[in-house]
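Visitor: One structure is given below, represented as structure tokens, and several questions about it will come after.
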Amino acid sequence: YRGKLVLPGFVDTHIHYAQTDIIASYGEQLLAWLERYTFPAERRFADPAHAAEVSSFFCDELLRNGTTTALAFATVHPASVDALFEAAQQRRMRLIAGKVLMDRNCPDFLADTAQTGYAESKALIERWHGRDRLLYAVTPRFAPTSTNEQMTLAGRLYAEHPGVYLQSHVAENRAEVAWVAELYPEARSYLDVYERYGQLGPRSVYAHCIWLDDTDRQRMAASGAAMSFCPTSNLFLGSGLFDLDRAHELGVRVGIGTDVGGGTSFSMLQTLNEAYKVLQLKGQHLSAERAFYLATLGGARSLYLDDRIGNFEPGKEADFVVLDPQATALITRRMARANTLSERLFVLMMLGDDRCVARTHVLGEPV
């Protein structure tokens, strides 16, 4: 790979595989977007053949973009989880995923119950967690779509199975935050809802984390929970601007998420491009080194996998991506005037996309 740049495989800490086919859907903010596009798309995953076809495309698209580890939402259907894990297993990818738990404020065709959600999740944990490179995440969609009973049982699953993950969303959108305040008047904040149900701790990952206060951030840091910064979806859905500096000042683990399909690209390079712009609007600066850290070792640390992936230390799993700094005429031209590694990395993250990924390796083998 002479003339190329070899980096650890990218780590995507928040993505929805069932939303692959609704990427770039026009005109809504979060709650209306869920109703208009997301829920109808997720309904199709009751069909195992559809789930298998999308899973195959999804895993290939991640790898094509240099992403070798992902934390993914499936749908409410257990077969959607089986299909995704099977596709990842065939490709020897490290994947963390789970069945969505959702028993209120959603269409009847996507609702489970607290008890069925618990039982189906438990069976999936027993079937998949720790198998090859696969890990399970308990997955309440977000606080508004789960009853108190379901939230209690989600916390129980997380506690009963050491080593499993928990993933959800928090404080993405102002209307969502107001809705949670109506549904959970006893809670101090939106994040406090999850903590009350035992869902805050190591290996819990919360997407967005925009409309939080410092008490929330301190609780995340103290508990070992992680934030997933999802810049392309935060811009696309008009949700708000993530405060990276404050998260770091308070010691919170942070990774990057593409958040397809509210997010607009599978490319981690494109996602870092948008992260830079979000932080410019916040008056913060995202250096190339810090950006690529978030996309590799920072993501691994968010997932408590930094002992296995994220850099090239001896003994770690050999997942890596080979980037081509001459992938396009414009990048080649700009690189001719880039004198430092930092500058070259910055050009790649601002001008790069899937065309820059020359090859992806999983466990040392090219894919």
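Residue numbers for the sequence shown follow this note's numbering, so the first one is 1 and each next one is one higher. Think of the CB as a built atom: it goes at the ideal place given N, C-alpha and C, for glycine as much as any other residue.
1) Please list the segments of the alpha helix (DSSP H) lying wholly inside the stretch 162 to 230, counting only runs of 4 or more residues, in order along the chain.
2) Is DSSP giving Val81 helix, strand or coil here?
3) Under DSSP, the alpha helix (DSSP H) around Ile125 begins and ends at which residues?
4) Output the distance between the C-alpha atoms of Val362 and Thr69, rounded to the nearest integer angstrom.
5) Is it true that the CB of Ala171 sits closer than 7 Å to the CB of Ile210?
6) Looking only at C-alpha atoms, which of Ala300, Phe242 and Gly364 sits nearest to Gly283?
7) Please check the pair Ser233 and Tyr194, which I expect to be a contact at CB under 8 Å, by giving their CB distance rounded to whole angstroms.
8) From Ser121 to Ala114, what distance separates their C-alpha atoms?
9) Whose C-alpha, out of Leu235, Thr360, Ala72 and Asn339, is nearest the C-alpha of Val278?
10) With distance defined between alpha-carbon atoms, name the residue in Thr38, Leu84, Gln29 and Ala295 nearest to Ser228.
11) Can you find the residues in the same chain that come closer than 8 Å, C-beta to C-beta, to Ala52, ignoring five residues on each side of it along the sequence?
12) Counting along the chain, where does the beta strand (DSSP E) carrying Val278 start and finish?
13) Do the CB positions of Tyr398 and His129 come within less than 7 Å of each other?
14) Which word fits Asp103, buried or exposed, when buried means at least 16 other C-beta atoms lie within 10 angstroms of its C-beta?
15) What residue does the beta strand (DSSP E) around Val6 start on, and which one ends it?
16) Quick test of your reading: Thr67 and Gly9, contact by CB under 8 Å. State the CB separation rounded to the nearest angstrom.
17) Measuring straight from C-alpha to C-alpha, what distance separates Ala175 and Trp33?
18) At 3 residues or longer, what runs of the beta strand (DSSP E) sit wholly inside the stretch 8 to 92?
19) With the cut-off set at 7 Å, would you say Gly364 and Ala329 are in Cβ contact?
20) From Gln218 to Gly201, what does the alpha carbon distance come to, in whole angstroms?
21) For Ile96, report the span of its beta strand (DSSP E) as first-last.
22) Glu257 and Ile23 look like a contact to me (Cβ under 8 Å); what is the Cβ gap, rounded to whole Å?
23) How many Å lie between Asp324 and Ala336 at the Cα?
24) I'd like to check one pair, Asn105 with Pro144: are the Cβ atoms closer than 7 Å?
25) Give a yes or no on whether the C-beta atoms belonging to Pro231 and Glu289 are separated by under 7 Å.
26) Would Leu30 and Leu237 qualify as a contact pair, given that the criterion is a beta-carbon distance under 7 Å?
27) If you drop the 5 nearest sequence neighbours on each side, which residues of the same chain put their C-beta closer than 6 Å to that of Asp112?
28) Tell me which residues share the same chain as Pro140 and place their Cβ nearer than 6 Å to its Cβ, disregarding the 5 neighbours each side in the sequence.
29) Would you identify the three-state DSSP class for Arg359, choosing helix, strand or coil?
30) Which residues does DSSP list as the beta-bridge partners of Arg333?
31) Suppose you measure from the CA of Ala97 to the CA of Ser287; what does that come to, to the nearest Å?
32) For Ile309, list the residues DSSP reports as bridge partners.
33) I'd like to confirm the pairing. Which residues does DSSP put opposite Ala137 in its beta bridges?
34) Work out the CA separation of Ala159 and Phe266 for me, nearest whole Å.
Guide: Reading from the atomic positions:
1) 174 to 183, 190 to 196 and 214 to 223
2) Position 81 of the sequence shown holds residue 81. Val81: helix per DSSP, three-state reduction.
3) Within the sequence shown, the letter at position 125 stands for residue 125. Ala114 to Trp128 is the extent of the alpha helix (DSSP H) around Ile125.
4) For the purposes of this step, residue 362 is taken as the residue at position 362 of the sequence shown. For the purposes of this step, residue 69 is taken as the residue at position 69 of the sequence shown. Answer to the nearest angstrom: the Cα atoms are 10 Å apart.
5) In the sequence shown, the residue the question calls residue 210 occupies position 210. In the sequence shown, the residue the question calls residue 171 occupies position 171. Result yes, Cβ atoms of Ile210 and Ala171 sit closer than 7 Å.
6) Here residue 283 corresponds to residue number 283 of the sequence shown, with the count starting at 1. Nearest option by C-alpha distance: Phe242.
7) As a first step, residue 233 must be located in the sequence shown, where it is residue number 233. As a first step, residue 194 must be located in the sequence shown, where it is residue number 194. That belief does not hold up - the Cβ atoms of Ser233 and Tyr194 are roughly 20 Å apart, past 8 Å.
8) As a position in the sequence shown, residue 121 is number 121, starting the count at 1. As a position in the sequence shown, residue 114 is number 114, starting the count at 1. Roughly 11 Å separates the two Cα atoms.
9) To locate residue 278, count along the sequence shown from 1; it is residue 278. When only C-alpha atoms are compared, the closest one is Leu235.
10) One-based indexing of the sequence shown puts residue 228 at position 228. Here the closest residue by C-alpha is Ala295.
11) As a position in the sequence shown, residue 52 is number 52, starting the count at 1. Same-chain partners within the cutoff: Ala83, Glu86 and Ala87.
12) The residue you call residue 278 lines up with position 278 of the sequence shown. Premise fails: Val278 lies in the alpha helix (DSSP H), Met268 to Leu281, not in any beta strand (DSSP E).
13) In the structure as shown, the chain begins at 1 and stops at 367. Residue 398 is therefore absent and cannot be evaluated.
14) The residue you call residue 103 lines up with position 103 of the sequence shown. Per the 10 Å Cβ criterion, buried.
15) Looking up residue 6 in the sequence shown gives position 6. Taken as a continuous stretch (DSSP letters only), the beta strand (DSSP E) holding Val6 covers Leu5 to Pro8.
16) Counting from 1 along the sequence shown, the entry for residue 67 is found at position 67. Counting from 1 along the sequence shown, the entry for residue 9 is found at position 9. Right, their Cβ atoms sit about 7 Å apart.
17) Residue mapping note: residue 175 aligns to position 175 of the sequence shown, counting from 1. Residue mapping note: residue 33 aligns to position 33 of the sequence shown, counting from 1. Computed Cα separation, rounded: 13 Å.
18) 10 to 16 and 67 to 73
19) Looking up residue 364 in the sequence shown gives position 364. Looking up residue 329 in the sequence shown gives position 329. Contact flag unset, no.
20) Counted from its first residue, the sequence shown places residue 218 at position 218. Counted from its first residue, the sequence shown places residue 201 at position 201. Approximately 12 Å, taken between the alpha carbons.
21) Taking the first residue of the sequence shown as 1, we reach residue 96 at position 96. Its beta strand (DSSP E) spans residues Arg94 to Gly98.
22) The residue you call residue 257 lines up with position 257 of the sequence shown. The residue you call residue 23 lines up with position 23 of the sequence shown. Here residue 257 turns out to be Gly, not Glu, going by the sequence shown. Wrong, their Cβ atoms sit about 14 Å apart, outside the cutoff.
23) Along the sequence shown, one-based indexing puts residue 324 at 324. Along the sequence shown, one-based indexing puts residue 336 at 336. If you take the alpha carbons of Asp324 and Ala336, they lie about 14 Å apart.
24) Sequence index remark: in the sequence shown, residue 144 carries index 144 (1-based). Sequence index remark: in the sequence shown, residue 105 carries index 105 (1-based). For Pro144 and Asn105, yes; Cβs fall inside 7 Å.
25) The residue labelled residue 231 in the question sits at position 231 within the sequence shown. The residue labelled residue 289 in the question sits at position 289 within the sequence shown. The answer is no: Cβ separation not under 7 Å.
26) Start at 1 with the first residue of the sequence shown, and residue 30 comes out as number 30. Start at 1 with the first residue of the sequence shown, and residue 237 comes out as number 237. In this structure, Leu30 sits near Leu237, with a CB-CB distance shorter than 7 Å.
27) Position 112 of the sequence shown holds residue 112. Hits under 6 Å: Val76 and Asp103.
28) To locate residue 140, count along the sequence shown from 1; it is residue 140. Hits under 6 Å: Leu101, Ser146, Ala154 and Ser168.
29) In the sequence shown, residue 359 corresponds to position 359, counting from 1. Here Arg359 sits in strand by DSSP.
30) On the sequence shown, position 333 is the one that residue 333 refers to. In the DSSP output, where bridge partners are listed per residue, Arg333 has none listed.
31) For the purposes of this step, residue 97 is taken as residue 97 along the sequence shown, with counting starting at 1. For the purposes of this step, residue 287 is taken as residue 287 along the sequence shown, with counting starting at 1. Whole-angstrom Cα-Cα distance: 30 Å.
32) Against the sequence shown, residue 309 aligns to sequence position 309. According to DSSP, Ile309 bridges with nothing at all.
33) For the purposes of this step, residue 137 is taken as residue 137 along the sequence shown, with counting starting at 1. Paired residues: Tyr165.
34) Within the sequence shown, the letter at position 266 stands for residue 266. Within the sequence shown, the letter at position 159 stands for residue 159. Computed Cα separation, rounded: 32 Å.
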